[in-house]
Each structure stands twice: as C-alpha cells, then as structure tokens.
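One structure is given here, and the rest of the page talks about it.
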Amino acid sequence: MKPALMNDTNGLIAALLRDLATVQTSQQSRWGYKRAAAAVRNLEEPIESLLQPDGTLRKIPQVGPSSSRVILEVLRTGRSETVERAVAASGKGSEVAKSRELRGNFLTRAQVVAALRNRKLRGPVPSAYRGDLQMHSTWSDGSQTLEAIITAGIARGYDYCAVTDHSYGLPIAGGMSMAKAIEQHLQTDALNETYRGRFRLLKGVEANIRADGSVDMEPHELNHFEVVVAAPHSALRSTADQTARLLRAISTPGVNILGHPRGRMYGSRPGVAADWDAVFETAARTQVAVEIDGDPARQDIDFDLARRAIRARCLFALDSDAHSTEELAYAETAIAHARLAGVPADRVVNTWPLDRLLEWALAARDR
Ligand SMILES: [Zn+2]
C-alpha cells in the first residue's frame with residue numbers, strides 16, 4: 010500500500026538544490042545552496058502556493074536569486090536543466106547519485122503538515138500525544154534548560170517530557186558523568202515539586218550502543234533513570250550486517266527505547282544495515298519501543314520501515330530529539346511518519362498516561 014503522500018515539489022526542489030551544492034567549487038556557494046535547500050524543505054506549504062500572478066516567486070528567507078531561478082524552472086517545466094548541466098559538467102555525477110539514494114523517505118515540512126491534517130490516515134492524531142521521550146538540555150549538548158523544557162512542554166499541551174541527555178560514554182556530545190546526572194536529578198525533583206499537577210519532567214538518558222551491542226552504562230547506573238533510550242552513534246557508514254549489535258542492545262535490562270535505530274542522515278549516510286524483521290520481532294518480545302526520531306535530518310525509522318515494525322507488533326516512541334525548545338516541534342515529523350505508516354495509537358507509548366508509561370519503563374529492569 011502506498012502512503013497518502015502529496016505531490017512533493019518542495020522535496021524535489023530541495024534535492025536539486027542539494028545536488029547543485031554538491032558540485033560547487035567554493036565553500037560559500039555550497040553553503041548558500043544548502044541553506045536554500047533547507048529553507049525549501051522547511052516551508053509549511055507547497056511551494057506552488059508562493060507563485061505570484063506575474064510569474065515571480067514570493068520571497069523565501071535564505072533563498073537567493075540563483076536558487077530562485079532553479080525553483081521557477083522546476084515550477085515551469087518539472088525539472089531543472091540548470092542543475093542537470095551543472096552536474097554533468099562537474100564530473101561529480103556519481104557523488105550526486107549516491108547522495109540522492111540517501112534521501113529516500115524523508116518528508117518535507119509541507120508533507121508533515123499535510124499528514125497531520127489528513128483525516129483519512131489512521132495512526133495517532135497530534136492531540137493524543139502526551140509527551141516527548143527524547144531530547145537534550147544544557148546538561149549535555151542541548152541549548153534548552155530544564156525549566157524551558159517544562160514551560161515549552163506545557164505550551165505544547167504535553168503532560169510530561171523525558172530529558173535524555175547523553176551518557177558519559179559519548180564525551181563528543183557532552184555526555185554527563187553519573188555525578189552530573191545525580192545533580193541533574195536533584196534539580197529535576199525541585200522543578201517537579203514546583204510544577205506538581207501541571208507537568209512532570211522524567212529523568213532520562215540517551216545511552217550509547219557500542220559497536221558490539223553493549224550499552225555504555227552499568228545496570229546499576231541505568232537504574233537511576235526513569236526512561237532509558239539506547240541508540241547507535243558509531244559504525245553508521247559500515248555496510249556490514251549489524252543485526253546482532255541491535256539484538257544485544259534491545260535485550261539489555263533497563264533499556265526502554267531503541268533510539269534512531271538506523272542512525273541514518275539525510276543525503277550523507279545510510280546508517281546501520283540489519284535484518285529489521287528480526288530486530289522488530291525481538292523488540293516486540295522485549296517490549297522495547299522502536300523510535301521514530303523526528304529530527305528532519307534523521308526521520309529514523311521512516312513510515313516504510315515502520316510498517317514492518319507494525320506487522321511485528323512493536324511498540325513505538327515518537328520523539329523530537331530536540332536540542333532547543335523550537336526543535337520540540339520535530340515530534341510532529343515523527344507523528345506524521347506514524348500516521349503515514351498507520352501505527353495504532355495505543356502502540357505509541359507517548360499516548361499513554363504517565364502511570365502506564367512509568368510502569369512499562371520500570372518493567373524493563375526485570376527483563
Ligand atoms: Zn542520539
């Protein structure tokens with residue numbers, strides 16, 4: 010079954026601008042086209058709606074004149090001869106083709122908005138979403154304070170959020186020592202006291218899945234946290250099968266969520282290669298929720314792979330992976346993928362009331 014995807018000119022144009030970026034010789038113009046591509050991917054509405062009666066384009070921030078010419082070309086002819094010629098002349102055709110392959114099943118913001126509004130889709134409605142279970146704060150590599158997460162969460166209509174700063178195994182991402190984590194938990198307790206009855210901040214962590222599938226924290230350390238996300242951050246360009254790595258991680262006592270399971274990145278890396286049906290079967294058995302990470306550059310797993318996880322009867326976690334309060338909106342990307350896949354709302358742990366969520370999370374320790 011094909012998902013109810015709208016005709017996505019925004020995605021087509023963004024991809025062409027990325028191709029154009031790839032073949033630039035100057036760093037500055039490469040950045041310029043990349044910025045323009047990102048701006049088009051982030052548009053709330055189909056780009057056709059920005060076309061004015063006189064045939065010009067309404068101004069899009071971050072999109073310069075040469076990018077605008079490509080956009081108009083595509084809107085008029087459905088393709089861009091400018092980009093085709095530039096790619097052919099560059100001798101970088103194979104590099105461009107490779108990065109095209111790494112953009113499959115990424116939604117543009119306009120597609121996300123359409124999927125959230127489309128009433129024909131089954132899957133969780135945005136209003137059923139009670140809280141976000143992966144995000145980063147100033148305690149690791151995020152820019153949002155704990156209190157900012159609470160006020161932003163309340164504004165978004167959430168009941169709870171899990172702050173899942175990186176573990177000490179990932180110093181490159183500002184991973185917290187256990188001493189720091191304990192300090193963070195004291196601050197969390199104080200904030201939860203202040204916001205009692207209105208919002209609950211959950212003590213979480215994003216542990217790293219090492220290359221051998223072990224998690225980079227001791228079992229007694231994991232027990233300090235209410236929500237444990239385990240996610241791969243290395244060996245993401247390898248083509249070797251890594252099924253065993255993921256199976257070991259999701260069989261680890263205390264692990265609740267398999268975070269950005271593939272570790273793919275838009276246009277740049279494919280992420281983990283694995284027998285996904287085997288991974289999902291084990292995740293369903295161990296009751297580890299498979300994450301749909303809503304970071305626009307990740308979208309991991311996507312609606313296509315999510316359908317296989319539905320067939321395996323998996324639980325799902327739909328998370329923003331936000332590093333700032335504005336990025337909390339990335340949860341909508343995850344919800345859009347779940348809607349396109351048709352994930353039953355009750356299988357999404359973010360739709361559960363807090364008591365049920367905590368009970369499920371705690372049960373993982375006795376795995
Ligand atoms: Zn991560």
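Here the sequence shown is numbered in my numbering, starting from 10 and rising by one per residue.
We put the beta carbon where it would ideally sit given N, CA and C, even for glycine.
Please read these numbers as outputs of a predicted model, since none were measured by experiment.
Item                                                                                                                : Value
Pro-228 to Ala-239 span [Cα, whole Å]                                                                               : 13 angstroms
Endpoints, the alpha helix (DSSP H) within which Lys-212 is located                                                 : Taken as a continuous stretch (DSSP letters only), Lys-212 belongs to no alpha helix (DSSP H), being part of the beta strand (DSSP E) at 209 to 218.
Buried versus exposed, by CB contacts within 10 Å (16 or more), Trp-40                                              : exposed
Cβ-Cβ distance between Val-172 and Gly-213 below 7 angstroms                                                        : yes
Coarse secondary structure for Phe-312, derived from DSSP in three states                                           : helix
Proximal residues to Ser-176 (C-beta, below 8 angstroms), its chain only, five neighbours per side dropped          : Gly-184, Met-185, Val-214, Glu-215, Ala-216, Asn-217, Asp-225, Met-226
Any non-hydrogen atom of ligand 1 within 6 angstroms of Ala-338 CB                                                  : no
Ligand 1 heavy atom lying under 6 angstroms from the CB of Ala-97                                                   : no
Nearest-angstrom Cα separation, counted from Ser-76 out to Leu-29                                                   : 9 angstroms
Closest residue to Leu-324 among Ala-340, Gly-280, Thr-360, Pro-305 (Cα-Cα distance)                                : Thr-360
Close Cβ partners of Asp-311 (< 7 angstroms) along its chain, the five nearest in sequence each way excluded        : Asn-114, His-346
For Glu-93 and Gly-162, the rounded distance between their alpha carbons                                            : 45 angstroms
Nearest to Val-96 (by Cα), restricted to the options Arg-131, Ala-45, Val-32                                        : Val-32
Pairwise C-alpha distance: Ala-137 and Phe-234                                                                      : 25 angstroms
For Thr-86, three-class secondary structure by DSSP                                                                 : helix
Any non-hydrogen atom of ligand 1 closer than 6 angstroms to Ala-331 Cβ                                             : no
For Ala-188, the first and last residue of its enclosing beta strand (DSSP E)                                       : Run containing Ala-188: none in the beta strand (DSSP E); it sits in the alpha helix (DSSP H), 187 to 203.
Where the alpha helix (DSSP H) through Tyr-169 begins and ends                                                      : Run containing Tyr-169: none in the alpha helix (DSSP H); it sits in the beta strand (DSSP E), 169 to 175.
Ligand 1 heavy atom lying under 6 angstroms from the CB of Ala-240                                                  : yes
In chain order, each alpha helix (DSSP H) run of at least 4 residues that lies wholly inside the stretch 289 to 364 : 312 to 320, 340 to 350
Run of the beta strand (DSSP E) containing Ala-137, from where it starts to where it stops                          : Here Ala-137 belongs to no beta strand (DSSP E), and DSSP marks it neither H nor E.
Closest residue to Arg-112 among Arg-273, Gly-268, Asp-364, Ala-123 (Cα-Cα distance)                                : Arg-273
Simplified DSSP assignment, three categories, for Ile-69                                                            : coil
Buried or exposed by the 16-neighbour rule on C-beta atoms within 10 Å, applied to Met-10                           : Because the pLDDT at Met-10 is just 43, under 50, the model does not fix this residue reliably, and the value given afterwards should be weighed accordingly. By the 10 Å Cβ count, Met-10 comes out exposed.
Cβ contact (3+ pairs, closer than 8 angstroms) linking the stretch 103 to 111 and the stretch 283 to 298            : no
Residue from Val-72, Asp-141, Lys-68 whose Cα sits closest to the Cα of Asp-304                                     : Asp-141
Cβ separation of Thr-18 and Glu-57, assumed to be a contact under 8 angstroms, to the nearest whole Å               : 6 angstroms
Contact under 7 angstroms by Cβ, Thr-248 with Ala-220                                                               : no
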